[in-house]
Amino acid sequence: MAVFLSTYLNKVDKKGRVSVPSQFRTVLAKQSPEGTATGLVVFRSLQFSALEACSPEHMEKLAADLEQMDISAEERDLYEMTIFGDSVQLPVDGDGRILLPQDLMDYAGITEQASFVGRSKTFQIWEPGAYQARVEEARAQSRASGISLSSISSARRAAASPSKD
């Protein structure tokens, strides 16, 4: 299973071009039927002043999942308007770069550098200072909540084992 891991800081040139980390391009290629990272989908995060990104294939899976959800027409409209309607498909050039549209850069506050942040099946693109502030906040919340890697494994084992009632 290919997942987006780690955080990378890359320079954004004056035209808005930025290199997608090679590790992320490898994951995009593994998710593509062609086996190459030809493009990705980017949209404004609904929770943060950052950008969300994924492979076109992952976006197709999300669309299929949305069709299976038992939700109202109004809720479906919200998903479609804020995620699918706000998404742009960006080609990856021969040098591994994408051209970020100015409106998306403005939304995330990205100017000279961008932090690429792995999020398992997706990744985010942040303005580096905003990302650092979010990491500090998330770490504090995780400590306060007792979140750890072992808690993920424990919860999965508990869900998988039959109840003994």
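If you count the sequence shown from 1, position 35 lands on 34 in numbering that gives the first Met the number 0, and the numbers rise without skipping. The beta carbon of each residue, even a glycine, is placed where N, CA and C say it ideally should be.
If you draw a straight line from the C-alpha of residue i to the C-alpha of residue j, how long is it?
i: Ala154; j: Asp92; result: 41 Å
i: Ala143; j: Ala158; result: 24 Å
i: Arg16; j: Ala137; result: 29 Å
i: Glu126; j: Ser119; result: 20 Å
i: Ser48; j: Asp102; result: 12 Å
i: Leu89; j: Glu73; result: 29 Å
Return the bridge partner residues of residue i from the DSSP annotation.
i: Phe23; result: Bridge partners of Phe23: none, in fact.
i: Val2; result: According to DSSP, Val2 bridges with nothing at all.
i: Phe83; result: Phe83 pairs with nothing; no bridge assigned.
Out of the options, which has the shortest C-alpha to C-alpha gap to residue i?
i: Glu66; options: Leu148, Glu79, Glu56, Pro55; result: Glu79
i: Gly34; options: Pro20, Ser54, Leu45, Val40; result: Ser54
i: Lys14; options: Ser5, Glu51, Glu111; result: Glu111
i: Gln22; options: Gly145, Thr6, Lys10; result: Thr6
i: His57; options: Gln46, Leu77, Phe83; result: Phe83
i: Lys10; options: Ala132, Ser114, Pro32; result: Ser114
Is the CB-CB distance between residue i and residue j below 8 Å?
i: Phe122; j: Phe42; result: no
i: Val87; j: Pro100; result: yes
i: Ala1; j: Val40; result: no
i: Ala107; j: Leu50; result: yes
Helix, strand or coil for residue i? Go by DSSP, reduced to three states.
i: Phe135; result: A small fix is needed here, since residue 135 is Glu in this sequence, not Phe. Helix.
i: Leu99; result: coil
i: Pro127; result: helix
i: Leu148; result: helix
i: Ser153; result: helix
i: Ser141; result: helix
i: Tyr55; result: First, the residue type needs correcting, since residue 55 is Pro and not Tyr in the sequence shown. Pro55: helix per DSSP, three-state reduction.
i: Lys60; result: helix
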